[in-house]
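Worksheet for the structure shown next.
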Amino acid sequence: MTPRTRVVVLQHPSEARHALNTARLAVLGLQGARRLVGERFQYEQWAEPGYAPHVLFPGEGAEVLAPGCAAAMGAPVQLIVPDGTWTHARKLLHINPQLAALPRVMLPPGLATRYRVRHADIPGALSTIEAVTHALNALEALHNYDDLLRPFEALIDGQIAGMGADLYARHHLNRKVPWR
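Per the UniProt record's numbering, residue 1 is the first one in the sequence shown, and the count goes up by one each step.
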């Protein structure tokens with residue numbers, strides 16, 4: 001897939017070791033996307049000349065992505081995606097002031113994850129590939145990037161098949177979380 005938006009994933013080193021690394025899947029599925037692993041990033045590493053950088057991370061002042069919003073952002077958008085646990089992603093922004101100073105965008109509330117074999121501690125949390133897909137669908141409303149999720153779905157199905165129905169049910173279906 002070849003989006004107009006340039007995606008750069010800044011991945012915390014602890015996330016790079018995970019077998020179910022959805023940031024890697026997202027980058028492999030998008031022409032022109034890049035993944036940088038580390039904690040400190042220089043401007044030259046992530047900047048894309050001619051693109052308006054925006055960080056995909058919720059928070060005060062973050063603009064909620066809505067269909068076609070890229071037109072209001074000026075130049076083609078560079079979507080910078082911190083990847084890791086919420087704590088690690090916040091840390092990436094905190095220790096990289098040039099990133100923290102960029103405008104932020106966030107996904108609308110109410111999105112549900114398809115990631116049936118991982119648990120998040122907060123409601124509405126998505127995997128990186130899901131977040132990138134939703135963001136691209138909003139930024140480039142004339143295109144649909146849902147096909148980016150096909151390898152992700154296959155990965156999940158393979159994990160479930162490998163663990164067996166009983167184990168999956170015990171550890172994933174019957175898990176009590178505060179927001180269910």
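Heads up, the beta-carbon is just placed ideally off N, CA and C, and yes, glycines get one too.
None of these values were measured; they are calculated from a predicted model.
(1) Using only the alpha-carbon positions, how far apart do residue 182 and residue 64 sit?
(2) If you check the beta carbons only, do residue 106 and residue 66 fall under 8 Å apart?
(3) What span of residues does the alpha helix (DSSP H) with residue 92 cover, start to end?
(4) Please report how far the alpha carbon of residue 129 lies from the alpha carbon of residue 152, in whole angstroms.
(5) Taking the alpha-carbon positions, what's the residue 54 to residue 156 distance?
(6) For residue 106, name the three-state secondary structure that DSSP assigns.
(7) Under the three-state reduction of DSSP, which class applies to residue 10: helix, strand or coil?
(8) Check the C-beta distance from residue 84 over to residue 12 and give it rounded, since I have them as a contact under 8 Å.
(9) Could you tell me whether any non-hydrogen atom of the ligand FAD is closer than 7 Å to the CB of residue 80?
(10) If we ignore side chains and look at the alpha-carbon of each, how far apart do residue 137 and residue 76 end up?
(11) For the candidate residues 5, 4 and 21, whose alpha-carbon lies nearest to that of residue 127?
(12) Counting only the same chain and skipping the five closest in sequence on each side, list residues whose C-beta sits under 6 Å from that of residue 102.
(13) Between the beta-carbon of residue 36 and the beta-carbon of residue 46, is there less than 8 Å?
(14) Checking 8 Å against the spacing of the C-beta atoms, do residue 24 and residue 8 come in under that value?
(15) So residue 82 and residue 92 are in contact, right, with Cβ under 8 Å, and what is the actual spacing, rounded?
(16) Going along the chain, which residues of its own chain have a beta-carbon closer than 8 Å to the beta-carbon of residue 125, five neighbours each way excluded?
The short version:
(1) Nothing about residue 182 can be reported from this structure: the residues present for the chain run from 1 to 180 only.
(2) To locate residue 106, count along the sequence shown from 1; it is residue 106. To locate residue 66, count along the sequence shown from 1; it is residue 66. No. Outside cutoff.
(3) Taking the sequence shown and counting its residues from 1, one reaches residue 92 at position 92. Per DSSP, residue 92 is one residue of the alpha helix (DSSP H) stretching across 86-94.
(4) Within the sequence shown, residue 129 is the residue found at index 129, counting from 1. Within the sequence shown, residue 152 is the residue found at index 152, counting from 1. Approximately 8 Å, taken between the alpha carbons.
(5) Working through the sequence shown from its first residue, we reach residue 54 at position 54. Working through the sequence shown from its first residue, we reach residue 156 at position 156. Roughly 29 Å between the two C-alpha positions.
(6) In the sequence shown, residue 106 corresponds to position 106, counting from 1. The answer is strand: DSSP assigns residue 106 an E or B state.
(7) Locating residue 10 in the sequence shown gives position 10, counting from the first residue. Of the three classes helix, strand and coil, the one that applies to residue 10 here is strand, per DSSP.
(8) The count along the sequence shown starts at 1 and reaches residue 84 at position 84. The count along the sequence shown starts at 1 and reaches residue 12 at position 12. Right, their Cβ atoms sit about 3 Å apart.
(9) Judged by which ligands are present, the structure shown has none, so any question about the ligand FAD falls away.
(10) Here the question's residue 137 lines up with position 137 in the sequence shown. Here the question's residue 76 lines up with position 76 in the sequence shown. Near 15 Å, if we compare the C-alpha coordinates of residue 76 and residue 137.
(11) For the purposes of this step, residue 127 is taken as residue 127 along the sequence shown, with counting starting at 1. Put simply, of 5, 4 and 21 the residue whose alpha carbon is nearest the alpha carbon of residue 127 is 21.
(12) Translated into positions along the sequence shown, residue 102 becomes position 102. The residues are 53 and 55.
(13) What you label residue 36 is simply residue 36 of the sequence shown in a count that begins at 1. What you label residue 46 is simply residue 46 of the sequence shown in a count that begins at 1. Yes, Cβ-Cβ distance for residue 36 and residue 46 is below 8 Å.
(14) One-based indexing of the sequence shown puts residue 24 at position 24. One-based indexing of the sequence shown puts residue 8 at position 8. Cβ atoms of residue 24 and residue 8: not closer than 8 Å.
(15) As a position in the sequence shown, residue 82 is number 82, starting the count at 1. As a position in the sequence shown, residue 92 is number 92, starting the count at 1. Contact holds; Cβ gap of about 5 Å.
(16) Residue numbering aside, residue 125 sits at position 125 when the sequence shown is read from its first letter. Within the same chain, residue 125 has close Cβ partners 86 and 113.
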